[in-house]
Every structure is written in C-alpha cells, then in structure tokens.
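These notes are about the structure you will find just below.
Chains as they are written, first to last, in our numbering: chain A, 389 to 742; chain B, 389 to 742; chain C, 389 to 742; chain D, 389 to 742; chain E, 389 to 742.
Structure follows, in structure tokens:
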C-alpha cells in the first residue's frame with residue numbers, strides 16, 4: 389500500500405477547476421474503449437482517435453465509455469467538455485488521491501471509489517482510483533491503469549438474455565460498483581487468512597516479526613477502512629436521492645450494495661479488534677519469555693554463588709585454618725554444599741519456579 | 389468459532405441475484421417439514437418431494453415450513469419462486485456469511501439471524517445462520533443443518549390451549565426469534581462462568597494460559613456482539629414498521645424482545661470491560677513476579693559477591709601477606725564476613741525487600 | 389456484587405409471559421404491607437391473607453402496597469390479575485436480572501430499578517431489584533427481600549402536614565425512586581473514600597493488593613453504571629410522557645431526579661477515569677521498583693566482579709609469577725583494587741545511579 | 389482540588405425541597421451586599437439585617453444582591469421566599485456539590501456554575517460554587533465564601549458611561565458568567581505552563597515524580613472538564629430560550645460566551661491528549677533506562693566471568709598441571725585473557741551495545 | 389508549534405468587546421494594501437495613511453483590503469468602525485488565540501482560521517491567525533505578520549481573463565480559504581514524509597529519539613486537528629446559510645472545499661492511528677532488545693558459574709583431597725567442565741535461545 393498522502397495538493401493557489409494530473413506519472417498509452425448495447429444487440433469498439441466519438445449513435449444504446457489511464461489531460465478535458473462536466477469534477481477525476489465521494493447533479497452523477505486489488509506474486513495490495521460518471525444514456529468509467537477487472541460485466545453484457553441488457557445505465561453503474569465491492573471481500577479474505585496464521589503463530593511460538601506483521605495488517609485495514617467508509621454513505625445517498633437518473637427498479641440492488649458495505653466495515657472493525665487483542669498477547673508473551681530467562685539465571689546463580697563462596701573460603705591461605713587439617717574436612721564440606729543446593733531446589737519448588 | 393470471513397464473496401462479477409450457496413459444503417440430506425395449525429387443530433408432515441407443496445391447503449392454517457440444509461440450490465430456488473421472493477433475498481439466504489438484517493417488503497418480511505449454540509462436549513460455540521420469511525399465512529425458516537432447537541415451539545403449537553395457536557403467523561415469527569435470543573443468554577451465561585473462573589485464577593495464581601483464555605473470550609464476545617447488535621435494530625424496525633403483517637397485539641412481545649437484546653448487548657459490553665481490566669491485572673502480575681525473581685537474585689548476589697571477593701583476596705599467593713600469618717586471621721575474616729552479611733540483610737529490610 | 393449474568397434466561401422456549409421466578413431461591417416468608425393515606429389520615433396494615441385485599445376501600449385513599457419477597461409466584465400472579473397487569477410485566481417483575489426500564493401503558497406505569505445497599509460489616513455491596521407499579525390510586529412496590537429502606541417515606545406519610553399527604557400517587561412513586569437514587573450517592577461516597585485511600589497508598593507505597601483493589605472498584609463502578617444509565621433515560625421518559633398518571637406538579641421533582649442521575653453518571657465516569665490514571669501510576673511504580681533493584685544488583689556486581697577477577701589471577705598457582713615475589717605486591721594490588729572501585733563509583737555517580 | 393463526592397446526598401429520604409446546607413461548615417460571617425444602578429446613577433450598601441431588604445426601591449434600578457456564604461439556612465430561605473424561588477432550587481443553591489446547570493422558569497432563571505481560582509501561594513486550585521438568580525430587575529448571586537472576584541464588574545458599574553449601566557439585568561448576568569469563564573482561561577494557562585515544564589523534564593531527564601505530576605494534572609483537567617462541559621450547553625440553552633428575561637441585544641454576547649466555553653473544552657481535550665502522549669514517553673524512558681542498566685551489568689559480567697573462570701582453573705591445586713610449570717605460563721594465560729576481553733568488546737560493538 | 393494556551397484571556401473582567409491585542413508583541417510595521425478589481429481592470433495600492441481609505445471608489449470594484457500585522461489597535465478599530473463591525477468581532481480579530489469560527493451577520497460574514505506554514509530551514513511549523521470579513525463588495529483579510537501566501541491569488545486577479553475577475557467578492561473569499569486549505573495539504577505531506585521515515589527506522593533499528601519524534605508528530609497532528617475540525621463545519625455553514633452574500637455559483641466551490649477539509653481530517657486521523665501503532669512497535673522493540681541482552685547475560689553466566697564453582701572446589705586447601713593426587717585429575721576435571729558446557733549449550737538450543 390502506498391504513501392499516506394502524496395502530491396495531493398494541486399499547485400498551491402492554482403485556480404480551482406484547473407486540470408492537473410496528480411498521481412504517479414505513467415508512460416503506457418491510454419486505452420479508450422466503447423461498449424454500446426441495448427436489448428437487441430451490442431457494439432464494441434476501441435477508440436483510437438477522439439473524433440470517432442463525434443459520430444456515434446448515443447440515443448438508441450446504453451453507452452459505456454471506459455478510459456484506462458488518466459495522465460493525458462487533453463483526453464480527460466475533451467470528455468469533460470463533450471459530456472458537460474463541471475471543471476471541479478474533472479479536477480477530482482485527475483486527482484488520484486481523492487477521498488471516495490459522490491456528487492449528484494441535475495443531469496449527471498459523479499462517483500469516485502478506490503479499487504483494491506491483491507497482487508498474488510508480490511503479496512502486496514494495489515490501490516487504484518476509479519471515477520464514474522452516469523448520465524441518462526452513458527456511463528463513463530476512468531481507471532488509472534489498464535486492467536481487466538470489468539471483464540465479467542462485459543461478458544454479461546454480451547449474453548443476449550442477461551438482466552443487464554434489459555435495464556438502464558444506472559444498473560450498469562451499480563454493476564461496476566458491485567464488482568469493486570466484491571474485490572474488497574477478496575482483500576478481506578486475504579487479510580483474514582493472514583490474521584489466522586498470526587493467531588496460530590502467537591499461540592505456538594511468537595516470532596520477532598509477528599508484531600511487524602500485526603502492524604502491517606493494521607495499516608492495511610486503516611487504509612481499507614478509509615476507502616470503504618465513504619462508500620456506505622455514498623450508496624445510501626444514491627438510493628435516497630430523488631435523481632431521475634436512478635430508476636426505482638435499481639433500488640433493491642443499491643440496498644444490497646449498502647448491506648455489503650456495512651458487512652465489509654463490520655469485518656474491518658472486528659479484524660482491528662482482533663489485532664488489538666493479538667498485540668496484548670504478543671507483548672505478554674515477550675514478558676513471559678523474559679520471566680523464563682530470568683528464572684534460569686536466578687536459579688543457577690542462587691545455587692552456585694553460595695557454594696562458590698564456600699569453596700573460596702577454604703581456598704584461603706591462612707596459616708591457621710583448623711578445618712583444613714581435618715581428615716574428613718573435604719568430604720564434610722562437599723556434604724554441606726550438597727545440602728545447601730538441595731535446600732535451594734526445595735526453595736525454588738516452593739516458589740513454583742521449577 | 390470459525391473463520392473471520394470465508395468464501396463470503398460470490399464469484400466476482402457474477403450477476404447479482406444469482407443463487408450460489410456460500411458455506412461449508414455439507415453432504416447430509418436436506419430435511420423439509422411442514423407444520424400447519426389453526427385454533428382447532430394441527431397437521432405435521434415431512435416433505436419428501438417438493439410437488440407435495442402444491443396441493444396444500446394454505447388458506448385455513450398458519451403454515452410453518454422449516455428447511456434444514458441450504459446446499460441444494462434447486463430446493464431454495466423452488467421455494468423462492470413459489471412464495472414470490474426477490475432473487476437478491478434468495479442469494480442472501482444461501483450466503484451463510486450474511487450479516488443479520490431485516491428487509492420489509494409489501495407482502496413479505498425477510499429476517500436473517502445468527503444462532504449460537506454451545507456444544508458441551510467440545511466446549512466450543514457453533515454458529516448457524518437462520519433465515520426467516522414471513523407472509524400473511526406462512527413462516528418459512530431456513531437452517532444450515534438439522535437441529536432440534538425449535539422443538540419447544542412445536543410442542544407449544546401442539547398444545548390445544550396455547551397462546552400460539554390463537555394468534556397469527558407474526559407471533560410464530562416472534563416465537564422463533566425469541567428462542568434464538570434465549571440461546572444468546574445461554575451462551576452469555578457460559579462465558580460469564582468462564583470469566584468468573586478466570587477472575588479467581590488471576591487473584592490466586594495466574595497461569596501462562598490465562599491470557600490466551602482472556603483473548604479467546606474477547607474473540608467470542610466480538611463475534612457475539614457482531615451478531616446481536618443488528619438484532620436490536622431489526623426488532624425495533626419490525627415493531628416500528630407499519631407493515632400489515634405485524635399485528636398490533638404482537639407489539640408488546642416485540643418490545644420485550646427489544647429489551648432482551650439490549651440486556652444482551654449490555655452484558656457483552658460489561659464482559660468486555662471486565663476482560664480489559666483482567667488483562668491489566670494479568671500483565672501487572674507478570675511484572676510483580678519478575679520483581680520477585682529479581683529480588684531473590686539481587687539479595688543472594690549482593691550478599692555473596694563481596695564475601696567471595698574477600699575470600700578471593702586471602703586466596704592470593706603473595707609471599708608477603710601479613711594477615712595470613714596472624715593466628716586468629718581466619719576467624720577475624722570469618723567475623724568480618726558475618727558482619728557484612730548482617731549489614732546487607734539490614735539494608736534489604738530497610739528497602740522492604742525482605 | 390454478584391455474578392455477571394445468572395439464570396437470566398427463562399426455560400428456553402417457554403411461552404413468553406410465563407411466570408417463573410428467576411433469582412436466588414429464598415426461604416423467608418413473604419411480607420405484604422398496605423399503607424393507605426389521604427390528606428385527613430392514614431391506615432397501615434399487614435396483609436396475611438390475599439383475600440384481605442378484596443375488601444379494601446381503594447377509592448378514597450392513595451394505596452401503597454409493598455411486597456417483600458418474590459419467590460411465591462402465586463402471590464405475584466394474584467396481584468397481577470387484581471391490578472390488570474400484562475403477563476410480560478409479571479414475568480419481568482419475577483426476573484431479578486432485569487435491566488432497569490420503564491413501560492408506560494394507558495392505565496398504569498411499570499418501572500424497575502436496582503437498589504444498591506452498602507453492607508458496613510461485610511464491606512460489600514448488595515444489589516436488589518425493585519419493581520414499581522403506578523396506577524391512578526395505587527403504588528405497588530416489589531422488593532426481593534425484607535428491608536427498611538422505605539421507612540423514611542412511611543414516616544413522612546404519617547406526619548399530618550407533610551407534602552406527600554397532600555399530593556397524588558405519582559408523588560409517592562417519585563419519593564420511592566428518589567430514595568433509591570439517594571442510596572446511589574451513598575455508594576458513590578463509599579467508593580470515593582476508597583479511591584482516596586488508594587490514591588494515598590499509590591503516592592506513598594503501592595502494595596501488591598493495590599491493583600486488585602483498583603480492579604474491584606472498576607468492576608463495581610461498571611455494575612453501578614449499568615444500573616444508573618437507564619434510570620436517567622427512564623426518568624426523562626416519565627417526565628416527557630403525556631400519561632395522565634403523572635401530574636404536572638410532579639414535573640419539577642422529576643427534573644430534579646433527572647439532574648441527580650446525571651450527577652451520579654458524571655461521578656461514575658470521573659471515578660473510572662481516575663482509576664485508569666491510577667493504574668498507569670501503579671504500573672510505572674512497579675517498573676521504577678524494578679529499576680531500583682536492578683541498579684543495586686548492577687552496582688554491586690560491577691564493582692566486585694573485576695576485583696574478584698584480580699584476586700583470582702593472583703590466586704593462580706603458576707611457578708613463575710613475578711608480582712607474587714614483590715615485597716609490596718599485596719599492598720600494590722589492594723591499592724589498585726581500591727582505585728578501581730573508586731573509579732566505578734564515579735562512573736555510577738555520573739550515570740546518576742547513586 | 390478536593391474530594392470526588394462528599395456529603396452529596398441529603399439526609400436519605402428527607403422530603404425533597406428541604407433546605408439543608410451541604411458543604412464544608414464555615415464559621416465566618418455571611419456578607420450580603422446590594423448594588424443598585426440605572427443609567428443615571430448607582431447605590432451600594434451592605435445589608436446587615438434582612439429587614440433592610442423590605443424597604444428598597446427595586447423598580448427603578450437594576451438590583452444586584454450578592455450573598456457571600458451559604459451556611460445560614462435562614463438567610464437563604466428568606467431570600468427564596470422574597471423572590472418566590474422554588475424550594476428545590478433553594479435546596480440546589482445550598483448543595484455545594486451541585487453539577488452546573490440551568491433552569492428556566494417563567495419569571496426567573498437559575499444558573500449554577502463552578503468558580504475555579506488558582507491560589508498562587510499554595511499552588512492549589514480552589515473550587516467554589518456560584519449560584520445565580522435572574523429575574524426582571526434583579527440578579528442574585530450566591531458565593532460559598534467572601535471573595536473579590538466580582539470586583540471588576542462593580543468597577544464597571546460605577547463608571548458612568550459604561551455599557552453595563554445602559555443595559556438590563558441579563559447583561560449583568562452575562563458579565564458575571566463571563567468573568568467566571570475568564571478564570572477558567574487563567575487556570576488553563578497555569579496548567580499549560582505546568583505541561584510545558586513536564587514536557588521539558590521528559591525530554592531532558594524524567595524524574596520519579598514526573599508521573600505523579602502527570603496524574604495530578606490529569607485529575608485537575610478531569611474536574612475542570614466536568615465543570616465546563618455543562619456551561620457550554622447551559623449558555624446555549626440560555627441563548628436559544630425564548631424567555632423574555634433574555635433581551636435580544638444580549639444574544640451576541642452569549643454566543644461569544646459559548647465560543648469561549650468551546651475553546652476551553654478544546655484546550656482541555658488537547659491537554660489531556662498531550663498528557664496521554666507524555667505518559668507513553670515516560671514509560672518508555674523508564675524502559676530505556678532499564679536497558680541501559682542491564683547493558684552495563686551484562687557487559688561487565690560477560691567479560692569478567694570467563695576470565696575469572698580461567699584464573700580459577702589455574703588456582704586449582706592438582707599435583708599434575710603441566711601449564712603451571714611452564715616458564716611463560718602466567719604470561720601466556722594473561723595474553724589469552726586479554727584476547728578474550730578484546731573479542732568480547734568487539735562482540736558488544738557489533739551488537740551496538742557500546 | 390507554540391504554546392498550548394497563552395495570554396488567551398483578556399484582562400479578567402474587562403468589558404466584553406474591548407479591543408485588546410493578544411499575541412506576541414511584534415515591532416514590524418503594519419502593512420495595509422488594497423487591491424481593487426472588476427471585469428475590466430484592476431487597481432493596486434499600498435495604504436500608508438488610513439485617510440486614503442476615505443476617498444476610494446468602492447462601488448464599482450471588488451475591494452480586497454489586506455492588513456499584515458494586528459498589534460496597532462487603532463488601525464483595527466478604525467477599520468471596524470468604517471465597515472460597521474461588531475466590537476466583539478474586533479476583539480476576536482485581535483485575539484490570535486481564537487478557535488476557528490464563522491459568524492454570519494445580515495450584512496457581513498466573519499471567518500477566522502489558522503494558517504499553517506512549514507519553515508523549511510528551521511524544520512518547524514508556523515501558525516498564524518487569518519481573519520476574514522466579507523461584505524457586499526469588500527473582502528478584508530487580517531494576517532498576524534507580513535507574508536506572501538496570497539500572492540497566487542493576486543496574480544490570478546491580475547490576469548485579464550481569469551475566472552476570479554468575473555465573479556463576486558464571495559469567490560475571492562473562497563479563493564483565500566482555498567489557499568489556506570492547500571497549505572494544510574502541504575503540512576500533511578511533510579508529516580507523512582516524517583511518518584514514513586520513522587516507520588523505516590522502526591523496522592530497521594529504532595533509535596532512542598524515535599519515540600520523541602513520534603510524540604512530536606502526535607502533538608503537531610493534535611494542533612492541526614484542532615484547527616481543521618472547525619473549518620469543515622464552518623464551510624458547511626457558509627454553504628448552507630441563506631445569506632445573500634454567498635452567490636449560488638460559489639456553492640460547488642464551497643462543497644469542494646468541504647470535501648478537501650474532510651480529506652484533511654481523514655488523513656490526520658489515519659496518521660494518528662499509524663503513530664499509535666508505531667508506538668506499540670517501538671515499545672515491543674525495546675522489550676525485545678532487553679530480552680536479547682538478558683539472554684546473553686544468562687547464557688554466559690549459566691555456563692561459567694558452575695565451572696567456576698568446580699575450579700573453586702579444587703582450589704581449596706584441604707589436606708586430604710584425593711582427586712588432587714590423581715595423575716590425570718586435572719585433565720578429568722577439564723573434561724567434566726567441557727561436558728557441562730556442552731550440555732548447557734544443548735539446553736539453550738532446546739530453549740531456542742541460541
């Protein structure tokens with residue numbers, strides 16, 4: 389997961405509504421694809437030249453325009469003008485550090501969300517900003533980079549009898565958000581797996597790294613929460629809005645989406661609480677280990693230090709030390725030493741250290 | 389208690405409202421039973437073939453259809469069509485990872501809850517999802533596996549003069565929820581017992597395992613809370629709703645249920661606070677033990693190390709060491725050593741270490 | 389303070405509204421007393437037989453029926469029928485684990501609260517459930533056991549010119565709640581005293597038990613809070629309700645009660661915060677003690693270990709050890725040892741350990 | 389700052405509205421002073437006998453009656469009757485443990501607040517309860533003890549052209565509250581100073597007392613917060629109330645007061661957060677010190693223990709120990725010892741302990 | 389970042405609305421500059437004498453009056469009178485410890501905010517209070533000291549075709565607030581950078597200073613939050629207000645500002661949570677280090693203490709010690725010592741200390 393806040397601010401004092409791309413500068417080409425469909429058929433084409441958009445029959449289809457890559461401001465500006473989008477919204481689309489939000493205008497709706505994708509090979513989470521524009525006949529989706537996350541929707545559109553073909557552009561919008569939310573569940577499942585592995589590690593033998601893992605998971609959940617929290621509210625706004633762009637039949641789907649986002653938030657909170665409890669477990673396990681170590685040191689020291697002292701006494705070179713002359717002196721002393729150590733062991737047993 | 393989140397997500401991008409079973413795949417047979425009753429009598433039968441449902445007189449009875457097992461999608465789909473249930477609701481019934489919720493439609497009400505059951509032999513908590521559909525004359529209940537938790541209700545239905553026989557399907561729905569909530573109290577009592585045992589352990593002699601027990605209880609309370617919290621709100625929605633399916637006479641029962649759910653939540657929160665306090669007790673008890681160990685080590689070391697040094701000095705082999713020649717040298721040194729150790733003991737007593 | 393949750397659940401699946409006594413089974417007799425009063429006089433009698441209640445002139449008096457002991461279900465059931473109380477409310481009265489609540493019906497009001505009583509000899513807190521029923525002319529109070537907590541009200545009723553004699557049954561209800569709330573202040577004062585003693589202990593010399601005392605107080609505050617919190621809301625509901633049972637003149641008294649409950653909650657929260665701070669103090673005091681112990685050990689060891697080594701060197705039995713032959717060898721070495729220990733002491737002073 | 393709760397409860401079960409003084413019994417005389425003013429002049433007199441109050445021209449002046457000392461119930465009762473104040477309010481005025489609150493009646497307003505005063509010589513905070521009654525032409529202020537905190541207002545009243553002379557009694561009430569709030573800022577500044585001193589102490593060299601100081605400040609902030617929190621709400625109620633006693637022109641002043649109370653609460657919360665952070669700093673600094681101590685002990689022990697062992701070996705008295713006969717044996721062993729200690733030092737440097 | 393609260397209180401008891409400057413007394417001159425503009429042109433001049441303000445054509449321009457420096461009360465008072473501003477607002481402008489707030493009057497709006505500026509050379513954050521007055525044709529901005537933060541706006545005003553030239557004074561107000569909010573992002577980015585550096589330090593090798601850095605960042609975030617939190621609410625109030633001073637066209641810009649402030653608050657909260665997690669990491673890393681140290685000490689001591697004892701035994705000077713006479717005694721003992729140390733090493737390996 390990337391930095392906390394980065395290049396978020398536009399050039400300070402720049403006129404609001406200025407189109408500036410904020411994000412990692414990418415060099416890949418921008419890919420624009422158009423998918424038009426109605427109940428009777430569909431049409432798919434890749435747009436190489438923006439002019440191609442001029443001659444399209446928009447009226448008799450639902451039009452889904454997908455733009456992969458935001459770093460060419462001209463293209464985004466062109467689309468902004470064509471679809472009559474407020475310059476502040478264009479600025480938001482270009483700012484990949486945007487907090488998820490929704491803006492409902494009279495003739496279009498703007499939604500921005502974070503897409504979380506788990507990279508299996510790198511074991512890392514990729515975050516990408518998705519911006520969506522809905523108007524009467526069009527859905528425009530903006531992605532930071534080329535990807536195939538929307539492929540399942542395309543497939544469903546191409547099936548003749550699918551529900552999506554029969555419904556309006558708002559259902560397409562819903563489908564796109566739904567797939568993004570599905571990915572959150574995927575990420576949560578990965579995190580859930582890691583939490584279980586950590587829990588087991590803690591019970592058997594906590595490693596030095598365990599805490600860092602806990603911290604990393606906490607961090608990821610923090611970012612996830614930051615991204616999911618607004619979705620809940622936004623979907624609610626969408627359902628409750630009296631915008632004519634949202635048809636009544638889409639309402640149960642939005643409510644379903646709302647329930648999903650609540651479920652995600654719930655799981656995030658529960659995970660955070662679990663991680664908090666694991667931290668306590670870890671810290672006390674360190675303390676217990678320390679106790680273990682100290683006990684060993686103390687037992688050994690406490691037994692041998694007095695014995696060593698006694699042997700030291702009879703190693704002194706005084707002329708007159710009567711015991712040294714005794715025939716059994718040595719064995720008597722060995723016996724005394726033995727008794728002392730037995731006594732010490734009893735003492736430790738009584739203290740439950742052994 | 390099982391995993392945090394598991395297979396929760398449907399196949400990513402699948403059309404919403406697709407019937408997919410999400411849960412542990414089970415092999416047991418699905419058991420469908422029908423209990424019909426009115427004030428004058430009752431009728432009970434096990435449904436082997438779904439066609440039997442076609443020829444049933446539904447109008448003159450309250451019909452309680454109970455399905456144990458969700459893994460045969462066909463059956464669930466059939467019931468969904470027969471009772472005219474939205475495909476998204478069918479999807480929710482099949483998803484055993486659903487958060488408890490309520491959906492009130494014009495002609496039916498959908499409720500899903502978690503059933504918590506304590507397994508005495510395994511000392512573990514089983515969670516099961518219960519989905520309930522209420523319409524004018526029917527209550528349909530879906531359980532994940534075969535069980536006898538609703539037996540007490542069946543018994544009451546079979547008693548001629550019982551209140552349930554005189555009232556409508558909404559009272560049956562209430563009775564089912566009420567029995568599930570009763571089980572929460574049972575679980576809480578088990579947890580309360582364990583908390584008391586832990587408290588006593590902490591006061592007498594905390595064991596290494598104590599903390600893990602605390603963590604385990606915390607975890608269970610977390611999952612319990614996650615499941616109970618929505619019940620409170622849902623019961624409230626049910627009472628407040630102006631749905632004609634909920635009769636006025638059921639209202640005090642629902643309020644009673646609402647009070648119970650608040651009592652459960654209260655007890656969960658109190659238990660969590662208690663566990664938090666026990667954690668502090670435990671950690672400080674570890675620290676106290678460490679202090680105890682360190683004190684013993686320090687007392688023994690501090691007394692004998694100087695004495696050993698002195699004996700070392702008179703163990704040196706210098707030619708000219710006048711003290712060695714003294715007749716009483718040995719006894720004088722022994723005396724000095726004795727005085728030093730007395731002094732040390734006084735010092736420790738003053739420091740309150742002894 | 390007793391168990392967290394106990395026998396709370398009725399027999400699972402029992403028909404709601406079934407009268408079952410939940411609590412510690414008691415053997416003492418149940419005591420029923422009736423106090424009737426109006427502006428001109430009062431009448432007090434003990435009810436031995438429930439039939440006596442039939443022939444009572446209820447219309448021209450305010451009637452206060454007090455029942456000590458809940459374990460004879462028949463009696464409670466009889467009263468429930470006589471005063472036309474809903475079976476669910478009777479169930480609540482019999483369940484001594486009830487959360488404090490209020491239920492406002494058209495013709496009566498039901499309130500249940502916890503009574504906290506400090507037992508001076510045992511130094512423990514007793515909790516008792518008090519249930520109150522108010523209707524037009526009657527107040528019925530249910531206590532778990534025989535007690536004299538309402539004696540001051542009885543005295544005031546017996547005084548001819550007292551305000552209570554002039555006012556209605558709602559003022560009697562208020563007076564009973566007020567006396568229960570007064571007892572909370574008493575308990576809080578006891579807890580406040582203990583907190584001050586603990587604070588002093590912590591500043592002078594924390595004992596091993598201190599933490600357990602802190603935990604015990606925390607626990608008691610937790611239970612107290614659980615009981616007081618709903619009172620605030622219930623008194624508010626009572627004042628705001630448009631029930632004709634609550635006269636307008638009682639309103640300032642209820643507001644006063646409301647203020648008192650807020651004051652109690654405030655004091656509980658402040659006490660909890662104080663205990664939290666004391667915990668930190670205690671833990672750091674343990675740590676400081678450990679540091680103290682370690683310092684002593686380190687100073688003694690660090691001074692004597694090198695000296696012992698030196699004496700060991702000259703205790704070796706090599707044939708050729710020139711220093712041993714020197715005439716002043718012994719004294720030179722003693723001098724060196726002296727210098728080393730001086731140096732060490734300076735080192736510790738510089739480190740501020742001495 | 390004094391006890392958490394003290395004699396708060398009236399005599400248990402006493403009739404509500406009974407005048408009982410709750411607080412530290414004081415012996416000083418009660419001082420009553422009256423200040424009358426209108427736009428054209430002012431009149432000041434000390435009231436020795438309550439009868440003097442009968443013959444006063446109240447109509448043509450704003451009358452500010454100030455009572456220092458609450459322990460003579462007769463006086464307070466007299467004033468209560470003269471100005472027609474509800475007996476419950478009189479009870480509140482006499483109870484110095486009252487939580488700050490406001491009561492708006494048709495013909496008068498009652499406000500009670502805590503006055504915090506810093507005693508420079510004793511370095512302690514004095515708390516005093518101030519009760520205020522506002523009616524059409526009068527402001528009555530009750531203080532626990534004699535003091536000069538209202539002197540600045542008296543001075544402003546005596547200035548002919550001051551705003552206070554032109555405005556109504558509600559502005560006088562505002563002025564009194566404003567001066568009390570000013571004192572909160574003073575206290576907060578003192579606390580802020582102490583926090584800065586503690587922060588510096590923590591960075592340079594935390595002392596044993598530091599934590600107790602932190603705890604003391606936390607405690608004081610706790611009490612401060614408890615007193616300020618209700619002021620915010622009360623001032624708001626005062627502004628929002630449609631009481632005719634509050635003139636429209638006073639409204640901006642009340643809003644200003646509201647802002648001030650928010651600023652005070654903000655500063656208290658920030659201070660509490662800072663103290664929380666300082667606690668972490670302190671605890672980790674203790675731990676760091678312990679580490680420091682342990683390192684010294686370990687370095688010294690680990691170097692000398694093996695050396696002492698070697699010298700012990702060659703101090704053994706075996707008949708046949710070849711090394712002892714070697715001519716250079718002694719020096720070879722000294723060399724080996726030297727190498728071992730060099731090696732140990734390298735080891736510690738690698739571990740970054742040196 | 390400067391002190392928590394400082395000279396915040398006006399002279400206690402001073403008449404409200406008295407102009408008193410509260411802040412660091414500065415000696416620099418006060419700089420007043422006027423920028424007038426409309427669609428056709430602009431006019432800029434520095435005001436040396438307040439009289440110059442009398443003869444200005446205010447009607448045909450938007451007038452931006454900027455005052456750098458607040459310490460000459462006369463000037464501020466003059467402006468207060470000229471633009472008819474309430475004396476309490478003038479008092480607020482002069483009090484640099486003001487909490488951010490907004491006051492909407494019929495004919496003007498007052499806003500006060502904190503400006504955070506990062507001083508690259510000193511690595512410290514400067515806080516400055518900015519007060520803004522908006523009326524029909526004027527924006528008056530007050531800064532504590534001379535600065536060039538508003539330069540970008542001036543530049544945009546001087547561009548002929550810029551949007552700001554076409555719009556009203558409320559857009560100028562928005563632009564000023566927007567630039568201040570941009571600076572918050574800048575500060576947050578700096579803090580974000582520091583957090584990342586600390587995170588890396590913690591993972592590799594926590595230093596002693598790390599915790600103090602964490603504390604410092606926490607402190608800064610605390611002050612930042614205190615300043616940003618009210619902005620969010622104030623911008624909201626501004627948008628929602630039905631003041632005629634705020635044109636409808638400015639509304640989307642204000643909503644954008646609102647979103648930005650939410651984003652800032654979110655980032656602050658996330659940063660605080662991260663710092664909390666880092667604290668746990670740090671503390672456990674200290675504990676781990678302690679464990680490391682204790683292990684080394686224990687291993688060395690536990691191996692050598694028994695060996696030293698054995699060598700002590702054979703260093704005793706008893707006449708009759710048979711082993712000493714043995715020919716291979718010395719080598720046997722050396723062998724036994726070797727075996728003991730091997731055994732000890734196995735023991736430590738089993739305990740996973742090696």
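Backbone N, C-alpha and C fix where the C-beta goes; we use that ideal spot for every residue, glycine too.
In chain order, each beta strand (DSSP E) run of at least 3 residues that lies wholly inside the segment 491-540 of chain A: 497-507, 512-522 and 526-531
Neighbour flag for residue 689 (chain D) against chain E, beta carbons, 7 Å: Among the residues facing chain E, residue 689 (chain D) is included, as its CB has a counterpart in that chain under 7 Å away.
Counted within 10 angstroms of its Cβ, other Cβ atoms place residue 616 (chain A) as buried (16 or more) or exposed: By the neighbour-count rule (16 or more Cβ atoms within 10 Å), residue 616 (chain A) is buried.
Under 9 Å (Cβ pairs) to chain D, residues found in the segment 579-608 of chain E: 593, 596, 599, 600, 602, 603, 606 and 607
Counterpart residues of residue 433 (chain C) in DSSP-defined beta bridges: C:422
Whether residue 542 (chain A) touches residue 427 (chain A) by CB criterion (7 Å): No, these two residues do not count as a Cβ contact at 7 Å.
Bounding residues of the alpha helix (DSSP H) (the contiguous stretch that carries residue 480 (chain A)): 475-482
DSSP state of residue 714 (chain D) mapped onto helix, strand, coil: The answer is coil: DSSP assigns residue 714 (chain D) none of H, G, I, E or B.
Any C-beta of chain A under 7 Å from that of residue 693 (chain E): yes
Where the beta strand (DSSP E) through residue 451 (chain D) begins and ends: Segment 450-456, the beta strand (DSSP E) holding residue 451 (chain D).
At least 3 beta-carbon pairs within less than 8 Å: the segment 507-523 of chain A vs the segment 438-452 of chain A: no
Listed by chain order, chain D residues near residue 713 (chain E) by CB distance under 8 Å: 707
Closest residue to residue 493 (chain E) among E:702, E:634, E:670 and E:602 (Cα-Cα distance): E:634
C-alpha gap between residue 567 (chain A) and residue 476 (chain C), whole angstroms: 48 Å
Identity of the residue in D:485, D:451, D:438 and D:447 nearest residue 466 (chain D) by Cα: D:438
Chain C contacts from the segment 653-674 of chain B (Cβ-Cβ distance under 7 Å): 654, 655, 658, 659, 661, 662, 665, 668, 669 and 672
Interface flag, residue 732 (chain A) vs chain E, CB-CB below 7 Å: no
According to DSSP, residues forming a beta bridge with residue 385 (chain A): The question about residue 385 (chain A) has no answer, for chain A in this structure spans 389 to 742.
Proximal residues to residue 576 (chain B) (C-beta, below 8 Å), its chain only, five neighbours per side dropped: 612, 652, 655, 656 and 659, listed in sequence order.
Residues of its chain near residue 420 (chain B), where Cβ-Cβ distance is below 6 Å and the 5 sequence neighbours each way are ignored: 435 and 455
For residue 699 (chain D), the first and last residue of its enclosing alpha helix (DSSP H): 639-701
Cross-strand partners of residue 546 (chain D) (DSSP beta bridge): In DSSP, residue 546 (chain D) forms no bridge with anything.
For residue 594 (chain D) and residue 759 (chain A), the rounded distance between their alpha carbons: In the structure displayed, chain A extends from 389 to 742; residue 759 (chain A) sits before or after that span and is not available.
Residue 679 (chain B) versus residue 704 (chain D) - alpha carbon distance: The straight-line gap from Cα to Cα measures roughly 37 Å.
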